[in-house]
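To start, the structure under review is shown below, and the notes come after it.
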Amino acid sequence: MASVELKKVQKVYDGATEPAVNDLDLEIEDGEFIVFVGPSGCGKSTALRMIAGLEQITGGECVIGDRVVNDIPPKDRDIAMVFQNYALYPHMTVARNLDYPLRISGVDKAELDERVTQIARTLQLTELLDRKPSQLSGGQRQRVAMGRALIRRPAVFLMDEPLSNLDAKLRVSMRSEIARIQEELGVTTVYVTHDQVEAMTMGDRVMVLNGGRLQQVAPPETLYNRPGNVFVAGFIGSPAMNLWSSTYRDGAVELGSQRVPVPAEMAERIGLDAYDGKDITVGIRPDNVHDDATESSDGNVDVTVKVREALGSEVICHFDVGVSRMVIDDPDLEEMMAEGLAPDIDFVGRFSPESSVAPGEKRTVRFDINKLHFFDAETGLRIDS
Ligand SMILES: Nc1ncnc2c1ncn2[C@@H]1O[C@H](COP(=O)(O)OP(=O)(O)O)[C@@H](O)[C@H]1O
Ligand SMILES: [Mg+2]
Numbered sequence: 006m007a008s009v010e011l012k013k014v015q016k017v018y019d020g021a022t023e024p025a026v027n028d029l030d031l032e033i034e035d036g037e038f039i040v041f042v043g044p045s046g047c048g049k050s051t052a053l054r055m056i057a058g059l060e061q062i063t064g065g066e067c068v069i070g071d072r073v074v075n076d077i078p079p080k081d082r083d084i085a086m087v088f089q090n091y092a093l094y095p096h097m098t099v100a101r102n103l104d105y106p107l108r109i110s111g112v113d114k115a116e117l118d119e120r121v122t123q124i125a126r127t128l129q130l131t132e133l134l135d136r137k138p139s140q141l142s143g144g145q146r147q148r149v150a151m152g153r154a155l156i157r158r159p160a161v162f163l164m165d166e167p168l169s170n171l172d173a174k175l176r177v178s179m180r181s182e183i184a185r186i187q188e189e190l191g192v193t194t195v196y197v198t199h200d201q202v203e204a205m206t207m208g209d210r211v212m213v214l215n216g217g218r219l220q221q222v223a224p225p226e227t228l229y230n231r232p233g234n235v236f237v238a239g240f241i242g243s244p245a246m247n248l249w250s251s252t253y254r255d256g257a258v259e260l261g262s263q264r265v266p267v268p269a270e271m272a273e274r275i276g277l278d279a280y281d282g283k284d285i286t287v288g289i290r291p292d293n294v295h296d297d298a299t300e301s302s303d304g305n306v307d308v309t310v311k312v313r314e315a316l317g318s319e320v321i322c323h324f325d326v327g328v329s330r331m332v333i334d335d336p337d338l339e340e341m342m343a344e345g346l347a348p349d350i351d352f353v354g355r356f357s358p359e360s361s362v363a364p365g366e367k368r369t370v371r372f373d374i375n376k377l378h379f380f381d382a383e384t385g386l387r388i389d390s
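Each residue of the sequence shown is one higher than the one before, counting from 6 in this note's numbering.
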């Protein structure tokens, strides 16, 4: 097994004006499971393919173990890769599909059998070894593809959106399956996905990329609780964080014509007082908006309820506060705006299934003022000294 280090790694494709990956610095520990996540086209696959050696690095260095691998071909990097479109040999049994990479490199029969037995046990394929791929479910086939990649015991295991061809239910069960297998084998793993929920449930750490640049790399809880910039704040979490352009003044932030107080202790701790009178971006997650406001509660906000989505276990409430929410990475909305349709983007709260909120109703909701997030309007960086 091995660590992976990217040092100011850059990729400029032939003929491109902008780098697809820019100055990427990242240390992946030996045995770590790291997920690369970000919107389509942000450079995830390019970064992964540079580690794999499938794409030439145009700047910086990639180090695997203690070797700089920039000029080492993929087959000599001791890596294995599983793609979205994996192909099994249809005429071979599961066992032969699994041991194929070892057979072609001349490993002896006893060793072959032992490795197949072991990897089949880890991947829970023991009962299926004599079947042909056509007799397997989608999830089983995906496990065989992973087994075939892992049977060589690579130092680094790379996966690029391996679940995107599976149906939603299977995708969810395969997530935990892959996390279990990775844990059991302890192989350094880089996993690419555009799905932030997948990223948050699988990785020890998650690297968020946007426009070829690293936004934040951290454990999932940190990305969620302390997003380092506005992009991460808006990208991680579903429904997305409510973000709005505001001004901080005299201990409160503006929300349209209303004011939301900021706890004095918090303003002091994070250094918000330095922003008095200045523009900032403020955020609150839907989970931190509550429908239990009373006359004496802090953070009360008058709203007009627009939509009530009853999802069984929760009610998602869309409401108007007289100011538009900022939108980060929503291709549908961006398309509408490009067509000149600039909808007012409502705020969102996540309430209990018993919530009485009803469309058209004017009511007061409560923002948990201890859970506000603040970002510098110019740099987009989290305000938190
Ligand atoms: N072979 C290529 N030649 C030129 N540009 C490419 C090539 N592959 C990807 N790109 C561009 O590089 C950027 C990053 O692509 P990619 O790494 O595939 O993103 P992601 O995997 O995050 O969707 C995109 O703008 C894409 O169009
Ligand atoms: Mg990709």
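Ideal Cβ placement from N, Cα and C applies to all residues, glycine included.
N- and C-terminal bounds of the alpha helix (DSSP H) containing residue i
{"i": "residue 229", "result": "225–230"}
{"i": "residue 143", "result": "143–155"}
{"i": "residue 185", "result": "173–190"}
{"i": "residue 99", "result": "99–108"}
{"i": "residue 117", "result": "114–127"}
{"i": "residue 53", "result": "49–57"}
{"i": "residue 274", "result": "269–275"}
Any non-hydrogen atom of ligand 1 within 7 Å of residue i CB
{"i": "residue 354", "result": "no"}
{"i": "residue 329", "result": "no"}
{"i": "residue 45", "result": "yes"}
{"i": "residue 21", "result": "yes"}
{"i": "residue 257", "result": "no"}
{"i": "residue 4", "result": "A query on residue 4 cannot be resolved here, the shown segment of the chain reaching from 6 to 390 and no further."}
{"i": "residue 7", "result": "no"}
{"i": "residue 25", "result": "yes"}
{"i": "residue 91", "result": "no"}
{"i": "residue 105", "result": "no"}
{"i": "residue 253", "result": "no"}
Alpha-carbon to alpha-carbon, residue j and residue i
{"i": "residue 325", "j": "residue 275", "result": "29 Å"}
{"i": "residue 314", "j": "residue 322", "result": "6 Å"}
{"i": "residue 310", "j": "residue 353", "result": "10 Å"}
{"i": "residue 189", "j": "residue 156", "result": "14 Å"}
{"i": "residue 95", "j": "residue 46", "result": "33 Å"}
{"i": "residue 328", "j": "residue 248", "result": "10 Å"}
{"i": "residue 62", "j": "residue 198", "result": "21 Å"}
{"i": "residue 204", "j": "residue 41", "result": "7 Å"}
{"i": "residue 260", "j": "residue 357", "result": "24 Å"}
{"i": "residue 92", "j": "residue 150", "result": "7 Å"}
{"i": "residue 385", "j": "residue 218", "result": "14 Å"}
{"i": "residue 22", "j": "residue 59", "result": "21 Å"}
{"i": "residue 87", "j": "residue 121", "result": "18 Å"}
{"i": "residue 180", "j": "residue 139", "result": "23 Å"}
{"i": "residue 19", "j": "residue 55", "result": "15 Å"}
{"i": "residue 391", "j": "residue 89", "result": "With the chain represented from 6 up to 390, any question about residue 391 goes unanswered, as that position is not in the structure."}
{"i": "residue 367", "j": "residue 244", "result": "22 Å"}
{"i": "residue 280", "j": "residue 253", "result": "7 Å"}
{"i": "residue 242", "j": "residue 225", "result": "10 Å"}
Heavy atom of ligand 2 within 7 Å of residue i beta-carbon
{"i": "residue 165", "result": "yes"}
{"i": "residue 50", "result": "yes"}
{"i": "residue 197", "result": "yes"}
Extent of the continuous beta strand (DSSP E) to which residue i belongs
{"i": "residue 86", "result": "84–87"}
{"i": "residue 286", "result": "284–289"}
{"i": "residue 239", "result": "Taken as a continuous stretch (DSSP letters only), residue 239 belongs to no beta strand (DSSP E), being part of the alpha helix (DSSP H) at 235–240."}
{"i": "residue 203", "result": "From DSSP, residue 203 is part of no beta strand (DSSP E) but of the alpha helix (DSSP H) over 201–207."}
{"i": "residue 264", "result": "263–266"}
{"i": "residue 39", "result": "38–42"}
{"i": "residue 381", "result": "378–381"}
Residues sharing a beta bridge with residue i, DSSP
{"i": "residue 64", "result": "15"}
{"i": "residue 92", "result": "Paired residue(s): none; residue 92 is not in a bridge."}
{"i": "residue 164", "result": "87 and 196"}
{"i": "residue 367", "result": "309"}
{"i": "residue 253", "result": "258"}
{"i": "residue 221", "result": "213"}
{"i": "residue 32", "result": "10"}
{"i": "residue 26", "result": "16"}
> At what residue ranges does the region 282–357 contain a whole run of the alpha helix (DSSP H), taking only runs of 4 or more?
Replying inline: 336–343
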